[in-house]
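Here's the structure we're looking at; comments come further down.
Residue numbers (my numbering): 11 to 593.
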């Protein structure tokens, strides 16, 4: 057995290590600076305190993006030096973000370990490669992202750090081979356990969904299926679940081999970046010459986000979570006894609110960031939740879950077609969405992203939008000068959230303009970019008249889009005449 020694390495603070909505994200070139990753990892251990770290089990894995393998080895050596008892690593360093949450909640607990949590190595939907993005975030013992109380401590520690601890003489562990490697240290044994990345997650999914009914749906000659992993870690799970467990043909999977640079693509499951899937589903000018499948879906780099498509039909994430919630009890065995409650992020459309009201469910509106949902779930207040940024999930874990969302939709389709699999025409994705609009009304919705804009200009723009809110008459005068056919602004504020579980208050969570007819404009600075600032503009128009729910979305939203861009003086503050991405 190799016996390692602990080295104390002097270091100094490095500016800019403040975790965003989902951890620390920077360019790979930044992370490869001397001591950059080491400082952040040690600052995290210090924030958790020694009693939480010593003797604990730590999960370390991620989406396999460039620099991940190096980072895994560094964290293993620092974990050993800080007194961690064992490190669990997914084979080849691969674990989806939802799978990490599941492992922390299920595998570590079953092992009888003292669970601390895990480091997830991902920049989520951001590009990967030597000159692209890398990221790291810490998840707690409940499997969810570290709360602000911890991330604030981590950041404060990065500003004062003077040393870090590492077992420099510990040899690299071969993370491509399943098995346990044992070492000896001054505080006792230290193990690195490399395990199959899919086993625990697949077991969990089979406990939630009726795989037999989904299998029958996929086997129907009337039904066709397509899934795109965008060369992210979802590909590992897609083959195991959709092909091995559910019987789909492997040629129905796109880009399911994980790559360090995501094949040179942008692993963000939306209509802009999932080009191959969008074409195959008949939603682009370069669509496939073949008949589109009935159902299509995609996941992002770390498999926590999802996009759901029907044949020539896009399901907005806001509609998706509302439709899953409206159909969960009858379609998904896990929810057969009912829903505890539902929740959405503030920028997400109010489609879920309408469902909650109709079904008499507890409802919560939270800031962007999955940690807020986690608090509600831990308190038994929320079963299903979602964000407009293509994130959907439930209380089976404490992260959003792309594969779960796809299985939820397949479950709804299987239930709707359970007596019709041999009929002339199946109930389709579009049928389900239009039926939902007919019953609950339609929330026309879009998001404009302005990426990598000047941070100073972005802050000035947000300050100006807040200043405008001091007088509703003045706002409405400006609005009417832009578009006379738009409703009056009824209220305007900067969203602030008081957590009903722990009483914590989160301020400055987005600037809202709420119109008298139920429409909304929301402006927010995103915390998921790696450089500059990202401005997100959310535009929502509610239509409860079923006869008007079939309008073209761009046509329905055009007046509000014009108001949003002119009211915010977007081009003046950012220099941008058009958004980077529209979803």
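From the three backbone atoms N, C-alpha and C, an ideal C-beta is built for every residue, glycine too.
Comparing alpha-carbon positions, the option among 253, 51 and 242 lying closest to residue 273 turns out to be 242. Spanning the alpha carbons of residue 518 and residue 530 requires a straight line of approximately 17 Å.
Residue 398 sits in coil when the DSSP states are folded into three classes, being neither helix nor strand. Ranking 286, 328, 346 and 166 by CA distance to the CA of residue 217 puts 346 first. The three-state secondary structure of residue 25, taken from DSSP, is coil. Per DSSP, reduced to three states, the secondary structure at residue 160 is helical. Separation of the CB atoms of residue 308 and residue 238 is rounded to 4 Å, and the pair is thereby assigned contact status at 8 Å. The continuous beta strand (DSSP E) containing residue 319 extends over residues 316-320. When DSSP states are grouped into helix, strand and coil, residue 102 belongs to the helix group. The residue from 447, 412, 146 and 428 with its alpha-carbon nearest to that of residue 74 is 146.
Scanning the stretch 48-108 for uninterrupted alpha helix (DSSP H) segments of 4 residues or longer gives 60-63 and 78-91, listed from N- to C-terminal end.
Judged by their CB atoms, residue 152 and residue 408 are nearer to each other than the 7 Å cut-off.
Taking a cut-off of 8 Å for Cβ pairs, the stretch 194-201 and the stretch 41-48 do not touch, as fewer than three such pairs fall below it.
Secondary structure at residue 20: strand, using DSSP grouped into helix, strand and coil.
Here residue 273 carries a helix assignment [DSSP, helix/strand/coil].
Residue 428: not part of any alpha helix (DSSP H); DSSP gives it neither H nor E. The Cβ atoms of residue 270 and residue 76 sit closer than 7 Å to each other.
Beta-bridge annotation (DSSP): residue 147 is paired with 130.
Note that the C-beta distance between residue 71 and residue 97 is not below 7 Å. Residue ranges of uninterrupted alpha helix (DSSP H) with 4 or more members, entirely inside the stretch 296-384 and ordered along the chain, are 327-341 and 361-368. Excluding the 5 residues flanking it on each side, residue 58 has same chain C-beta neighbours closer than 7 Å at 126, in chain order.
If you draw a straight line from the Cα of residue 444 to the Cα of residue 416, it comes to about 19 Å. When only Cα atoms are considered, residue 63 and residue 399 end up about 33 Å apart. A direct Cα-Cα distance of roughly 34 Å separates residue 427 from residue 356. In its chain, beyond the 5 residues on either side, 165 have a beta carbon closer than 6 Å to the beta carbon of residue 28. In this structure, the straight-line span from the alpha carbon of residue 179 to that of residue 12 is close to 9 Å. By the neighbour-count definition (other C-beta atoms within 10 Å, threshold 16), residue 39 is an exposed residue.
Between residue 362 and residue 332, the gap from beta carbon to beta carbon is short of 7 Å.
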